[in-house]
Amino acid sequence: MEKIKSNLIEAIKGTYPDAREQDHEGNRLDFYVKKQCVPSILNYIKGEGYIHLSHIAFVDWIEEGEFELIYIVWSPKDKIKIFIRARVDRENPLMPNIESIWRQANTYQREAREMYGIQFEGFEAPNEFVLEDWNEIPPMRRDFDTQAYAEETFFHRPGREDAMDVREAIIERSREEIPDFAKKYSR
Amino acid sequence: MIHIEGHEGGKGDSGLRPRVDNGRCCWCALCVEVCPTGSLSLTKEYNFVSDDPNDFLWIPGVDNPEGKDKLSFTSGTDTSLNDFKRIPMPEMEGMERVKSFAEVVLGYNEEMAREEASRCISCGLCTEVCPEHMHIPEYINAIATGNDADALRIIYDNNPLPEMCGKVCTRRCEDVCAIATRGDSVAIRWLKRYATETAATSDLVYDIVNPEIRPANGKTVGIIGAGPSGLTAAYYLALRGYDVNIYEANAKAGGMTMYGIPKYRFPLDSLDKQIEYIEKIGVKINYNTKVGKDISFDKIYKENDAVFMGVGFPKAWTLGIDGEDAQGSMQAVNYLHMINAGEEVEIGDKVAVIGGGNVAIDAARVSARMGADVTILYRRRVEDMPADWEEIEGAEDEGINIVPQAIPIKVHKDKNGKVESVEYLMAEMVADDKGGRPKPVAIEGSNKILKVTAVMGAIGQQGDYSFLEDYSEKIKEERGRFVVNDMQQTTDPKVFAGGDAVNRTADAISAIADGFRAVKGIEEFLLGVK
Chain A
0 MEKIKSNLIE AIKGTYPDAR EQDHEGNRLD FYVKKQCVPS ILNYIKGEGY
50 IHLSHIAFVD WIEEGEFELI YIVWSPKDKI KIFIRARVDR ENPLMPNIES
100 IWRQANTYQR EAREMYGIQF EGFEAPNEFV LEDWNEIPPM RRDFDTQAYA
150 EETFFHRPGR EDAMDVREAI IERSREEIPD FAKKYSR
Chain B
0 MIHIEGHEGG KGDSGLRPRV DNGRCCWCAL CVEVCPTGSL SLTKEYNFVS
50 DDPNDFLWIP GVDNPEGKDK LSFTSGTDTS LNDFKRIPMP EMEGMERVKS
100 FAEVVLGYNE EMAREEASRC ISCGLCTEVC PEHMHIPEYI NAIATGNDAD
150 ALRIIYDNNP LPEMCGKVCT RRCEDVCAIA TRGDSVAIRW LKRYATETAA
200 TSDLVYDIVN PEIRPANGKT VGIIGAGPSG LTAAYYLALR GYDVNIYEAN
250 AKAGGMTMYG IPKYRFPLDS LDKQIEYIEK IGVKINYNTK VGKDISFDKI
300 YKENDAVFMG VGFPKAWTLG IDGEDAQGSM QAVNYLHMIN AGEEVEIGDK
350 VAVIGGGNVA IDAARVSARM GADVTILYRR RVEDMPADWE EIEGAEDEGI
400 NIVPQAIPIK VHKDKNGKVE SVEYLMAEMV ADDKGGRPKP VAIEGSNKIL
450 KVTAVMGAIG QQGDYSFLED YSEKIKEERG RFVVNDMQQT TDPKVFAGGD
500 AVNRTADAIS AIADGFRAVK GIEEFLLGVK
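Taken in sequence, the protein lines are chains A and B.
The first sequence begins at 0 in numbering that gives the first Met the number 0 and counts up by one.
The second sequence begins at 0 in numbering that gives the first Met the number 0 and counts up by one.
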């Protein structure tokens, strides 16, 4: 397996000198690549036997102002999974469309568009995916306050609004007096 | 989390239990992954139909739906989102330690502290068992997020001797840590130590804590004894505008933490820093002023609006065996006092320490540092020793020999009246019928002789209240301790007391808690503030 991995690293870095690899124990190999290289690298490894697109995962790196897309691809022959990782600007999240390489990418890209607001070049699909009449910011973005939204939108079922906090229960029982400035650290 | 009728919880138990709404569960299993005790699991049995939404509500451990024998996802310490491994504390090597009184524990650096602090899950079980109810999750969170100054301010909110606690506290908090159910407890004591050491001098402590000192309110409080309870009462009274005078018999403040704890555990400059800071906010300490000798209790009582006594247990119990008056036979607590005061004590090269508490271990480890070959004789088993396990391990690392189930019966003297040997009997442990801990019973004829140059008894201390003179009628004591109410007020309403002479736990943090409570008591007594 190490031999296959090192051949892959050599081949990909030969064509894409900017790509940076990160080897993991076992059957996993990661590449950090530029977003514009994503379609051609995926196309290349698909030709090498990595025929199965298992998943596209998304991460909101809000502190760094970027989204990350992780294309997880599997080779039934090599029994290795490759993670192709690319970052895109959070303010203008436009990614290449890989629908022509894997048809099922359509579903993942719809999910990314609805949940994170990531757009794909020339992507055509119905606007709504699983949400209905959504007027807020995309809900999987980390600046979306799920709890506040739920409190505003839904009713509590009677008898279920009693979620108690362990820390508060103990403060009350032992009559601990926490100074105001320290309270923000209680959670 | 909800409260269940009839289940009030207690120390180490919040009394709350999780309740699951299975009808809305999406099988994400996050509850399984975050549960520190591993009490929750998913089942494969998820077929359930009902018209009533309330049928889907259940409490693990109380309601017992089917499927408990068909588990799917369960919690493991390797997959859990909790981190069960403590960041190890750097320490000096065992045989290197005995060469000097240098501090054994080296302290966390910033990176270690942040990492260790991030293991805390903020449940707060620890705060309830802390006698002083320190705000532990809050200061640990402040450390985890890189706000050391806030951590220090939170710590000083109710503990004016935190660096001492950070080094030598008995830390009952760590016993109940939720993470410790399946792993190492969060190193609460070491994190406090880290926070206090970020302020290297008393000036820095002052700058960071930036205490609010109220204008003088014209009331005076006299405090007897500058130990942890007296210093705590003094500090918070001074902050509240009281004029505070402490009368201390010794040349230095700190009480047992100064004279009882060896310097390799609690270095002098660390104590000095904290005392300087307390003096800086206006507490006056009269050193070398023994009440009952240099000043009378009557004078302190009459000149102040209230009195606080943190007088401790200065007198050691004697062993009560033959030959104890020999030259070279001494009390461990007195030995520690003399060494800590910088005096020379002749102990020779072979020392026997009798007892199994922290004082015994301290005296043994100090003697080892003085170059002696040390044996500890303890009447019960090693696992029964009341001393901290870390101290016992430390002693073993330093080459100290522990002989358990050994009952000393006689100290033999040579013709000059000097200690020559100690004779002891081996004991067998006999179960106590009443359910108490097993009792050591001496085995007839198992006499052994250990050649020694010094014997130290460390079987406990008691109070000495002769300084009270005529007031001993009014200020009641019971079985050697002052009688106080929940505000630390004695039977004389003007007199408050705390520390070893009051509580039974005999540790610094309980003394600090007494001092802190007394401040509220005195405030209520003098100003009617609740």
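For each residue, glycine too, the CB sits at the ideal point set by N, CA and C.
Remember, it's a predicted structure, so these values are computed and weren't measured experimentally.
* By Cβ distance below 6 angstroms, which residues in the same chain neighbour A/A111 in space, the five residues on each side in sequence not counted? -> Within the first sequence, residue 111 of chain A is the residue found at index 112, counting from 1. Excluding residues within five positions, the ones whose Cβ falls inside 6 angstroms are F57, I117.
* Residues bridged to B/I353 by DSSP? -> Translated into positions along the second sequence, residue 353 of chain B becomes position 354. DSSP lists B/L376, B/G456 as partners of B/I353.
* **N-terminal and C-terminal residue of the alpha helix (DSSP H) that A/K2 is part of** => Here residue 2 of chain A refers to the residue found at position 3 of the first sequence. Its alpha helix (DSSP H) spans residues 1-14.
* To do: In the DSSP assignment, find the beta strand (DSSP E) that holds B/M257 and state where it starts and stops.
  => Here residue 257 of chain B corresponds to residue number 258 of the second sequence, with the count starting at 1. Segment 255-258 is the alpha helix (DSSP H) holding B/M257; no beta strand (DSSP E) there.
* To do: Mark B/F495 as exposed unless 16 or more other C-beta atoms lie within 10 angstroms of its C-beta, in which case mark it buried.
  => As a working note, residue 495 of chain B is residue 496 in the second sequence. Buried, since its Cβ has 16 or more Cβ neighbours within 10 Å.
* Should A/I169 be flagged as near chain B, meaning a C-beta pair shorter than 7 angstroms? -> Sequence index remark: in the first sequence, residue 169 of chain A carries index 170 (1-based). Yes, because at least one Cβ of chain B sits closer than 7 angstroms to the Cβ of A/I169.
* To do: Please classify B/K166: does DSSP put it in a helix, a strand, or coil?
  => As a first step, residue 166 of chain B is located in the second sequence; it is residue number 167 there, counting from the start. Correct three-state label for B/K166: helix.
* To do: Kindly indicate if chain D contains any beta-carbon less than 7 angstroms away from that of A/V129.
  => No chain D is part of this structure, whose protein chains are labelled A and B.
* Using the beta-carbon count (16 or more within 10 Å), is A/E119 buried or exposed? -> Within the first sequence, numbered from 1, the residue matching residue 119 of chain A stands at position 120. It should be noted that the sequence gives Phe, not Glu, for residue 119 of chain A. Buried: at least 16 other Cβ atoms inside 10 Å.
* Kindly indicate which residue of B/T219, B/S328, B/E382, B/D383 has the alpha-carbon position closest to the one of B/G281. => Here residue 281 of chain B is taken as the residue at index 282 of the second sequence, counted from 1. With distances taken between Cα atoms, B/G281 lies closest to B/T219.
* How is the beta strand (DSSP E) around B/A305 delimited, first residue to last? -> Against the second sequence, residue 305 of chain B aligns to sequence position 306. Residues 305-308.
* Check the Cβ-Cβ distances between B/L15 and every residue of chain A, and say whether any is below 7 angstroms. => Counted from its first residue, the second sequence places residue 15 of chain B at position 16. For B/L15, the answer is yes, since a Cβ of chain A falls inside 7 angstroms of its Cβ.
* Given B/C125, which residues of its chain have a CB within under 7 angstroms of its CB, disregarding the five upstream and five downstream residues? -> As a working mapping, residue 125 of chain B is identified with position 126 in the second sequence. Apart from the 5 residues on each side of it in sequence, B/C125 sits with its Cβ closer than 7 angstroms to the Cβ of I135, C172, V175, C176, I187 in its chain, given in chain order.
* **Neighbouring residues, chain B, relative to A/M163 (Cβ below 8 angstroms)** => Counting from 1 along the first sequence, the entry for residue 163 of chain A is found at position 164. Per Cβ cutoff of 8 angstroms: M0, I1, H2, L15.
* Sheet register partners of B/T219 (DSSP bridge) -> Here residue 219 of chain B corresponds to residue number 220 of the second sequence, with the count starting at 1. Partner(s): B/D242.
* How close, in whole Å, do the beta carbons of A/P95 and A/Q35 come, if the pair is a contact with beta carbons under 8 angstroms? -> Position 96 of the first sequence, counting from 1, holds the residue named residue 95 of chain A. Position 36 of the first sequence, counting from 1, holds the residue named residue 35 of chain A. That belief holds up - the Cβ atoms of A/P95 and A/Q35 are roughly 7 angstroms apart, short of 8 angstroms.
* Asked: What is the rounded straight-line gap between the Cα of B/S99 and the Cα of B/V365?
  -> Position 100 of the second sequence, counted from the start, is the residue given in the question as residue 99 of chain B. Position 366 of the second sequence, counted from the start, is the residue given in the question as residue 365 of chain B. Approximately 9 angstroms, taken between the alpha carbons.
* Asked: According to the neighbour-count rule (16 or more other Cβ atoms, all chains shown, within 10 Å of its Cβ), is A/V32 buried or exposed?
  -> The count along the first sequence starts at 1 and reaches residue 32 of chain A at position 33. Under this definition A/V32 is a buried residue.
* To do: Quick one: using the 10 Å Cβ neighbour count with 16 as the cut-off for buried, is B/W189 buried or exposed?
  => As a position in the second sequence, residue 189 of chain B is number 190, starting the count at 1. Buried.
* Give the DSSP bridge partners of A/H54, in chain order. => In the first sequence, counting from the first residue as 1, residue 54 of chain A sits at position 55. Looking at the DSSP assignment, A/H54 forms a beta bridge with A/I71.
* Asked: Which value, in whole angstroms, describes the spacing of the CA atoms of B/I139 and B/A116?
  -> The count along the second sequence starts at 1 and reaches residue 139 of chain B at position 140. The count along the second sequence starts at 1 and reaches residue 116 of chain B at position 117. Near 5 angstroms, if we compare the C-alpha coordinates of B/A116 and B/I139.
* Locate the alpha helix (DSSP H) running through B/N533, then write down its first and last residues. => Because chain B is modelled from 0 through 529, residue 533 of chain B falls outside the range shown and cannot be assessed.
* Please name the residue, chosen from B/I346, B/I391, B/E390, that lies closest to B/M369 on a Cα-to-Cα basis. => As a position in the second sequence, residue 369 of chain B is number 370, starting the count at 1. The shortest Cα separation from B/M369 among B/I346, B/I391, B/E390 belongs to B/I346.
* To do: Would you list, in chain order, the members of the segment 119-145 of chain B that have their beta-carbon closer than 7 angstroms to a beta-carbon of chain A?
  => S121, C122, G123, L124, T126, E127, H132, H134, P136, E137, N140, A141
* Check whether the Cβ of A/I177 lies closer than 7 angstroms to any Cβ atom in chain B. => Along the first sequence, read from residue 1 onward, the residue named residue 177 of chain A stands at position 178. A/I177 counts as touching chain B.
* To do: Would you check if the distance between the CB atom of B/F408 and the CB atom of B/E422 is smaller than 7 angstroms?
  => The sequence position of residue 408 of chain B within the second sequence is 409, counting from 1. The sequence position of residue 422 of chain B within the second sequence is 423, counting from 1. Sequence check: residue 408 of chain B is Ile here, not Phe. Yes, these two residues count as a Cβ contact at 7 angstroms.
* Does the segment 464-477 of chain B touch the segment 260-278 of chain B, meaning 3 or more C-beta pairs lie closer than 8 angstroms? -> no
* Do A/E175 and B/H132 have their CB atoms nearer than 7 angstroms? -> Within the first sequence, the letter at position 176 stands for residue 175 of chain A. Within the second sequence, the letter at position 133 stands for residue 132 of chain B. The answer is yes: Cβ separation under 7 angstroms.
* Asked: Mind listing which residues of the segment 148-176 of chain B have their C-beta closer than 9 angstroms to chain A's C-betas, in chain order?
  -> D149, A150, R152, I153, D156, N157
* Within 7 angstroms, strictly: CB atoms of A/I97 and A/L41 -> The residue you call residue 97 of chain A lines up with position 98 of the first sequence. The residue you call residue 41 of chain A lines up with position 42 of the first sequence. Yes, these two residues count as a Cβ contact at 7 angstroms.
* Can you name the start and end residues of the alpha helix (DSSP H) that B/V494 belongs to? -> Within the second sequence, the letter at position 495 stands for residue 494 of chain B. For B/V494, no alpha helix (DSSP H) encloses it; the enclosing beta strand (DSSP E) starts and ends at 494-496.
* Comparing alpha-carbon positions, which option in B/R380, B/E382, B/A351 lies nearest B/A371? -> Locating residue 371 of chain B in the second sequence gives position 372, where the first residue counts as 1. For B/A371, the nearest C-alpha among the options comes from B/A351.
* To do: For the segment 31-73 of chain B, list the beta strand (DSSP E) runs that are entirely contained and at least 3 residues long, ordered along the chain.
  => none
* To do: Determine the closest residue to B/L39 out of B/R85, B/E110, B/A28, B/E247, with distance taken between C-alpha atoms.
  => Locating residue 39 of chain B in the second sequence gives position 40, counting from the first residue. Residue B/A28 is the option with its Cα nearest to B/L39.
* For B/D506, count neighbouring Cβ atoms within 10 angstroms of its own Cβ and tell me buried if that reaches 16, exposed if not. => Along the second sequence, one-based indexing puts residue 506 of chain B at 507. So B/D506 ends up on the buried side.
* To do: Kindly indicate which three-state DSSP category B/K519 falls into: helix, strand or coil?
  => Taking the second sequence and counting its residues from 1, one reaches residue 519 of chain B at position 520. Note: B/K519 maps to helix in three-state DSSP.
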